[in-house]
Each structure stands twice: as structure tokens, then as C-alpha cells.
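Novice:
Numbering (my numbering), first residue to last: 5 to 253.
#1: Where residue 144 and residue 78 are concerned, what is the direct C-alpha to C-alpha distance, given to the nearest angstrom?
#2: In its own chain, which residues sit with a C-beta less than 6 Å from the C-beta of residue 104, not counting the 5 before and 5 after it?
#3: So, are the CB atoms of residue 226 and residue 64 less than 7 Å apart?
#4: Using a Cβ-Cβ cutoff of less than 7 Å, which residues in the same chain neighbour residue 148 once the five nearest sequence positions on both sides are dropped?
#5: How would you write the range of the beta strand (DSSP E) that residue 102 sits in, first residue to last?
#6: Which runs of the beta strand (DSSP E) at least 3 residues long sit entirely within the segment 104–178? Give them in chain order.
#7: Out of 18, 246 and 205, which has the shortest C-alpha to C-alpha gap to residue 153?
#8: Answer yes or no: do residue 221 and residue 202 have a C-beta to C-beta separation smaller than 7 Å?
#9: For residue 199, which option in 122, 71, 250 and 85 has the closest C-alpha, if you only look at C-alpha atoms?
#10: Throw me the rounded Cβ distance for the residue 75 and residue 110 pair, which I believe falls under 8 Å.
#11: Verify whether the separation of the beta carbon atoms of residue 191 and residue 142 is less than 7 Å.
#12: Contact check, residue 16 vs residue 96 under 8 Å by CB: the rounded distance?
#13: Output the distance between the C-alpha atoms of residue 146 and residue 45, rounded to the nearest integer angstrom.
#14: Since residue 9 contacts residue 39 with CB under 8 Å, what's their CB separation in whole angstroms?
#15: Find the nearest neighbour of residue 6 within the set 135, 87, 102 and 230, judged by alpha-carbon distance.
#16: If you count every other CB in all the chains shown that lies within 10 Å of the CB of residue 37, and 16 or more means buried, which is it?
#17: Could you check whether residue 14 and residue 86 sit closer than 7 Å to each other, using their CB atoms as the reference points?
#18: Would you identify the three-state DSSP class for residue 188, choosing helix, strand or coil?
#19: Within 6 Å: the Cβ of residue 116 and any heavy atom of the ligand ATP?
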């Protein structure tokens, strides 16, 4: 992690779950870490979880990544206060309890598209601009899911549009790899696809039928992300899949 010391990492959806764990891990590993989320107070509370010497490296900006203008403003603030972006962790995502065939579910579907897909597009565009203007080096992460590679079957429940948004991230990872290369940069892109992770994104209704299912912890994903950052400049981990031991689906 030496080459990332005192460089800027931006994490979306940093107020809980995987995003919060990544924020703690990156701050503890010497990066100036900026969390973006709607619940700013929860991000600021993360300072109590990092090492004392890392607390001044952890920062929070309120931002709803469904809103492109808020994203643009947040990245401008980051560059002004902390410097150019070196690492982006596209973590923010939502799932909604609905069926694709249900009536009056347009807002649920739109929430998933705006957060899980367009939020990634808009944040990556801003981060790429900053990285390219400052040496063309950096690392973009897409926190994907095994749902982005196949659609699991959960008894009496539909994953509705959520897998579609994650399948989009799988395709986008390769598109970004090609675009970063075509733009003559050395920016890496990595998709991290965990199985079930014990976070707030799993609705309570679905947890009731997953009582015996094994779960990963958010820290497991954060640890994998740090591993990817430690790879030498000529190594790019394109896709990393994590599954809890004993997972049957």
C-alpha cells in the first residue's frame, strides 16, 4: 500500500455495510478517505472505529448519488479540499421488494437503476477525469455481486431488477477496462462480486428464508479490496468472486 499513502480514496454508500468497512480499512492503511452517502452523521461516527492516528484521514460528504449534480459538486469539493482522486469504490446500491410484473413499481425500479447503474456511471466519470488529469494512474472498483453473474433462486421471493443492475456492472467493468486503455491511461478497474454479505441491503422478508445460509462479513470484502490495491502496477485483477464457505446457491 506504500504507493497509495496519503492519496485520496472516494467510497460511495459509505455509511454502513461494505462501504463503511472499506472506509475504515483504507483510512487505516494510510489513504485520505472520503465517504459519500446520504447519512453523513453515520459516516462521521466511523472515526471511532479507525486507529487514532487515522481519524484525521477519514472525511464525510453528504451526497445522494441518484443526483448527478450532487455528484459533480461532491467531487469538486474533494479535489479542492483533499486533492485528486486516486481510488474510487463504487459501492452504493439498493434492492427493493417487488416483482417485475407488479403494478405501480416504477419508482422501485427507477431507484435501482439510478443508484446501482447511473450512480456508478456518474461517479466513475468524475473520478476518471481527476485521475487522467493527474498522471493517468488510479484504481476504480465496482462492488458487484454473484447476482451479476447468475440469478439465484430464493424460495417465494423475486430478486426482480436487482440482478439486472449487477449484470450491467459486469459488462461495464470490461467496457471501462477498454476505455481506460484507449484513453492511454494506466487506471485499473476491478469488479468484486461477493456472495451473501450480512448488510442492511438484504430485506427482512428475505432473511426469513435465509436463516441457515452462510454470510460473508463486510470486512471480508474490504480485505479483498485492499488485496487488489496491493498488486503491482502491471497486475490488474479484473474480477474477484468471494463466497462464504458452505454457500449452496
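Glycine included, every Cβ here is placed at the ideal spot set by N, Cα and C.
Specialist: Short version:
#1: Whole-angstrom Cα-Cα distance: 17 Å.
#2: 164.
#3: No, the Cβ-Cβ distance between residue 226 and residue 64 is not below 7 Å.
#4: Taken in chain order, the residues that qualify are 170, 173, 174, 195, 196 and 197.
#5: Counting along the chain, residue 102 falls outside any beta strand (DSSP E), and DSSP gives it neither H nor E.
#6: Entirely contained in the segment 104–178, the beta strand (DSSP E) runs reaching 3 residues are, in chain order, 141–147.
#7: The option with the nearest alpha carbon to residue 153 is 246.
#8: Taking C-beta atoms as the reference points, residue 221 and residue 202 count as a pair closer than 7 Å.
#9: With distances taken between Cα atoms, residue 199 lies closest to 250.
#10: Actually they are not in contact, since the Cβ atoms of residue 75 and residue 110 sit about 23 Å apart, beyond 8 Å.
#11: The Cβ atoms of residue 191 and residue 142 lie closer than 7 Å to each other.
#12: Distance from residue 16 to residue 96 at the Cβ level is roughly 4 Å; contact confirmed, criterion being Cβ atoms closer than 8 Å.
#13: Pairing residue 146 with residue 45, the inter-Cα distance amounts to about 24 Å.
#14: Wrong, their Cβ atoms sit about 19 Å apart, outside the cutoff.
#15: The residue with the shortest Cα to Cα distance from residue 6 is 230.
#16: Around the Cβ of residue 37, a 10 Å sphere holds 16 or more other Cβ atoms; the residue is buried.
#17: No, the pair does not count as a contact, with Cβ atoms beyond the cut-off.
#18: For residue 188, the secondary structure class from DSSP, reduced to helix, strand or coil, is coil.
#19: Looking for the ligand ATP in the displayed structure turns up nothing, as the structure carries no ligands at all.
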